[in-house]
Structures are given as C-alpha cells and as structure tokens.
Amino acid sequence: MPTPGTARCRDCRDTFFGLSAAQQQQLLIGSAVAAGGIMAYIVYKRKKPRTIPLGDGWWGVGEKTLSEDQKIYPFQVETSDKEIEDLYERIDRTRYADPLEDGKFHYGFNSTYLKKVVSYWRHEFDWKKQVAVLNKYPHFKTKIEGLDVHFIHVRPPHRENQKVLPIMIVHGWPGSFYEFYKILPLLTQSHDGVVFEVICPSIPGYGFSEASHKQGFNSLAAARIFLKLMERLGFSQFYLQGGDWGSLITTNMAQMKPQCVKGLHLNMCMSNRGFKVLLSLLIGPYLPFLVGLSREDVRRLFPFFEKNVFEMLRESGYFHIQATKPDTAGCGVNDSPVGLAAWILEKFSSWADLKNRDLEDGGLERKFSLDDLLTNVMIYWTTGSITSSMRFYKENLGSNLNNRVDFKTEIFVPTGFAAFPNELMHCPKSWAQIRYRNIQSYTFMPRGGHFAAFEEPQLLADDLFNFVKKVEKS
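Counting from 1, one number per residue, gives the positions in the sequence shown under UniProt numbering.
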C-alpha cells in the first residue's frame, strides 16, 4: 500500500503530464523562480521588526496646547426642522441625467432607480425617527490629539458566570458606526458564557468625529488615537475587529501595542504582493496544494487577471479620485444630497455583489433596507464629513504603501479571518500568513460581501465568537 507521500508524488506527476506544453513550461519556470528566491526570502523575513513606533501627533487647530482635556462627555445625535427643510429644498432642486437604455448599474447608479430612492427619502424616510434609533446606544466624545473623537460604548447586561471581553470594532468607507447596529445586540448577548463590551468609534473625519485640520492624518494616526481611547477607557487588554479601512487601522493598533491586543479579527485582508504570491499565481491554477491554496481559493482567485485586475479597474475609479483630488469631488457631493446618495449607495450595491451591476435596481434592497442605507447617508450629510472622509484615501495612498513601516512589519498577535465570498479581492490564508504570523482561524464564509456586519451580522458574530473562544483557551 503506497504511503501518503508516495500518493501525492504520483498525483503531482499525473497532473504535470496532463498539462499542455505551455502550462508545463509555465510551471517549470515557476519552480525555477522558487529555487532562486527561497533563501533571499528567508533572510528578508529574519530582518523584519516586530512592532512599529507609536509616535505622537496633533491634528487640532493651530499649535499644540500644553494640556488637553481628557474627560469623556456624553453625546446625543440631534436634528432640527431647519436641517430637514434644507435637505428637502435641495432634493427638490435636483437635476437628473437620463440613463442609457439597458444601462443598469454598469455606468454607476442608474438614475431611474435613483429617483425612486430619492422619492422615498423625500416623502417616507423619517430622519427624526432614525435619530432616535441612533441614540439607542450611548454615545460619547473625548478630545485626543486635538480632535473630538466620537464613539459608542455598549456594555452587556449583567449576568452571573459570564466572561466580559472588551472589543473595539472599526468601520471603513463609505460606512460608519451605524454599520454595526445589527451586530451589537449579538455581541452583547452571552455566547456560551462569553460576551463583549463593545467600543465603536468613528474614524476622525467621518460622521461625528472631528476631522483633522492638518495634512497627513492616515491609518497610523487613527490607530494611535484609538489606542489612546482604549487606554482612557481603562482597558489594558482587548480584542479588535475591522473591515475596509478598519482592517488597516486595527492591524496598525496590533503592530503598535501587541501587548494590549489579545486578538485581531478581520473581514478584509491586504496582503503584501511578493515572491510567495507570484509563485501562487504561476502554479496555483494547476497544482494549488503545492503553494498552499485550497480548491475554494482557486475558485475565488482565478482567472486572476479578470477577477483581480480588470474587475478592480472597473470598480476603482472612485479610489483614484479620492486618493488624488478628494476636495474637488467633495465640492459636488457635499453640496448635493442626491449626488452624495448616488456616490455612497453605488458602493453598497456593487460591493455587496458585483453581479448587482446587471440589475436595474442594483440589487440594493436585497441585503439592505432603504431606511438603513439612508441613515448612513444622513450621517455623512448632516455632519458635512464626506470630503474629509475621502481625504483619508489621499493621506494613506499619497505615497507607496509598501514603503511604509507598517507594511514592512509583521503582525504576531492571534489573528482570525472571515473570508466573505463577495469581498472585492480574495486573500487566501497562505497569502495572509505572509504578514499575519499567528493565524488562529480562517473561515470561508458561505455568503456575504464587503459590508459584513451590515449584510450578515449573525455570520460575522458567530465567527468572531469562535475565534475569541479559541484564543481564550490557548
């Protein structure tokens, strides 16, 4: 009876000779590259640091003050009849462009469906009611590095024999703290004796957190501010969860103070593009197990150029605008509520599932209610924060990310990944391990896209609890 190793060698041989001549040549080239690169790769890895500097900053108006008010103040979301009347007047003056025949969502937000959304916004959406919903959880503000930082702090109901674990969850663009309102009840209910105390901040420049008054406010600055927030709240150790910009900010927090981060859970991963990834792309479609890819990885990744290059070119126009001239685009969307809604809601359509571009309504209400979507839009509108939120792209992408200290530094805290099938770019576990050196769990999620907590709160909560229980037992 052949050993497992013998059987695998035979499978490799059979697979190789079953390839075309061109595929065999590509595979041999990849193997040759591997032989020449392994030693350099090992040496490079050994030189990498384990933490990044915490640093300090001042993002307020003018010069840094000698002292800063460190008190935490209760905060409530408010509105007024005047604010709502101004919104209605602007909506009523909207000038629409006619859509192309059968254009669906391939040219962006279809204006025929946009009129339906705006009609609901104007005549049925109740902003005062949604303000009451927002105030369902306790809101606070505190001054850090010259900025008023907004956050919600949700404690679980007191019960005997339950382990309460602090966790910070961080949103991205074009989302907000409101993305987490469906998952908060799930996280603050006991799950086999484990429950979370949740801190959910707004990134400075988003929603109710004050925007930086100075250039250079990037994910490293946000991470440091959020670490100071957790310290101010009295937490010396805690968990982190994030997607989109939240995944980068929480990763930076784990790099700055790994001794404080008990575990890091992400639903989006940005992996380094290096030798191991190149090798995976060359060999992965034919012999995936040789380069650490699963069948599901292959299904999600390939054909690589179609799914990860051409598709991203179709979807990244906003990215280039916001990373270069955010203030120019911001002039329009900060002045027009309908323009703002189209700019934001298009992302909730395509980023939930790229196939939604083939639908007349963009599939927008398949995963979301109009009340929830418009509440998120209203957070940007009433705070006038769309331009400052867009600047976060320029501040992070104004230079090559791969040259930043955080992209040269590995992450050693226990890490968990929830890989949703409709996320914009798939990151296999073997790629994630290039940077995240202590992956405790990696889950192929059965459904869902970019806005995990908003789309599939139960799936995300279950995966987060499973990850944390594993960390707590180790």
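Note that CB positions come from ideal geometry on N, CA and C, so glycine has one too.
Asked	Found
Asp-327, enclosing alpha helix (DSSP H) - first and last residue	326-333
Strand pairing of Leu-301, partner residues [DSSP]	DSSP, once it has assigned bridges, lists no residue as partnering Leu-301.
Sub-8 Å separation of Lys-214 and Pro-326 beta-carbons	no
Supposed contact pair Ile-72 and Arg-232 - C-beta distance, whole angstroms, cut 8 Å	7 Å
Where the alpha helix (DSSP H) containing Glu-360 begins and where it ends	Looking at the DSSP string, Glu-360 is not in any alpha helix (DSSP H), and its letter there is neither H nor E.
Contact belief for Ile-344 with Tyr-380 at Cβ below 8 Å, rounded distance in angstroms	7 Å
Rounded Cβ spacing between Leu-258 and Phe-417 (contact assumed at less than 8 Å)	Correcting the residue identity first, residue 258 is Pro in this sequence and not Leu. Wrong, their Cβ atoms sit about 18 Å apart, outside the cutoff.
Segment contact flag, the segment 331-344 with the segment 110-129, C-beta cutoff 8 Å, min 3 pairs	yes
Sequence-distant residues of its chain with Cβ nearer than 6 Å to Glu-101 (five each side left out)	none
8 Å Cβ cutoff, Thr-324 in contact with chain E	The question asks about chain E, but that chain is absent: this structure has only one protein chain.
Per-residue burial, Arg-369 [other beta carbons within 10 Å of its own, 16 or more giving buried]	What sits at residue 369 in the sequence shown is Ser, not Arg. Counting Cβ neighbours within 10 Å, Ser-369 comes out exposed, since fewer than 16 surround it.
Strand pairing of Phe-140, partner residues [DSSP]	Pro-74, Phe-151
Proximity below 8 Å, CB of Gln-458 to CB of Leu-282	no
Reduced DSSP category for Pro-166 - H, G, I as helix; E, B as strand; rest coil	strand
As assigned by DSSP and simplified to three states, the class of Val-61	coil
CB-CB length for Cys-110 against Gly-363, believed under 8 Å	Strictly speaking, residue 110 in this sequence is Asn, with Cys absent from that position. With 8 Å as the limit, Asn-110 and Gly-363 do not qualify as a contact, their Cβ atoms being about 11 Å apart.
Cα-Cα separation, Gly-332 to Ser-349	21 Å
According to DSSP, residues forming a beta bridge with Leu-444	The sequence shown places Phe at residue 444, not Leu. DSSP output for Phe-444 lists Ala-419 as bridge partner(s).
Ile-203, DSSP secondary structure in three states	coil
Validate contact between the segment 282-291 and the segment 467-474 using beta carbons, cut 8 Å, 3 pairs	no
Pair within 8 Å by beta-carbon distance, Ile-169 and Gln-70	no
Short Cβ contact (8 Å threshold) for Ser-209 with Asp-297	no
Own chain residues within Cβ distance below 7 Å of Asp-358, not counting five before or after	Lys-104
Bridge-paired residues (DSSP) for Gly-242	Val-170, Leu-266
Ile-38 to Phe-407 span [Cα, whole Å]	Interpretation of Ile-38 is limited by its pLDDT of 43, a score under 50 that renders its predicted location unreliable; the figure taken from the coordinates is listed afterwards. Computed Cα separation, rounded: 20 Å.
Close Cβ partners of Ile-249 (< 8 Å) along its chain, the five nearest in sequence each way excluded	Val-170, Ile-203, Ser-219, Ala-222, Ala-223, Phe-226, Gly-242
Alpha-carbon to alpha-carbon, Trp-431 and Lys-355	26 Å
Nearest neighbour of Thr-328, chosen from Glu-360, Glu-145, Ile-386 [CA to CA]	Ile-386
Other residues of its chain near Val-33: CB distance less than 6 Å, five sequence neighbours each side excluded	Low local confidence applies: a pLDDT of 45 at Val-33 is under 50, so the model's placement there is unreliable, and no value is given.
Which listed residue (Met-270, Gly-146, Tyr-239) has its alpha carbon closest to that of Leu-401	Met-270
Own chain residues within Cβ distance below 7 Å of Tyr-44, not counting five before or after	Confidence is the limiting factor: at Tyr-44 the pLDDT is only 44, short of 50, which leaves the residue's position unreliable, though a coordinate-based value still follows. Around Tyr-44: no qualifying Cβ.
Exposed unless 16 or more other CB atoms sit within 10 angstroms - verdict on Met-390	buried
First through last residue of the alpha helix (DSSP H) which encompasses Ala-341	337-350
Own chain residues within Cβ distance below 8 Å of Val-277, not counting five before or after	Ser-271, Trp-431, Ile-434
Per DSSP, cross-strand counterpart(s) of Ile-439	Thr-415
Heavy atom of the ligand FAD within 7 Å of Thr-188 beta-carbon	The ligand content of the structure shown is nil, which means the ligand FAD is not present either.
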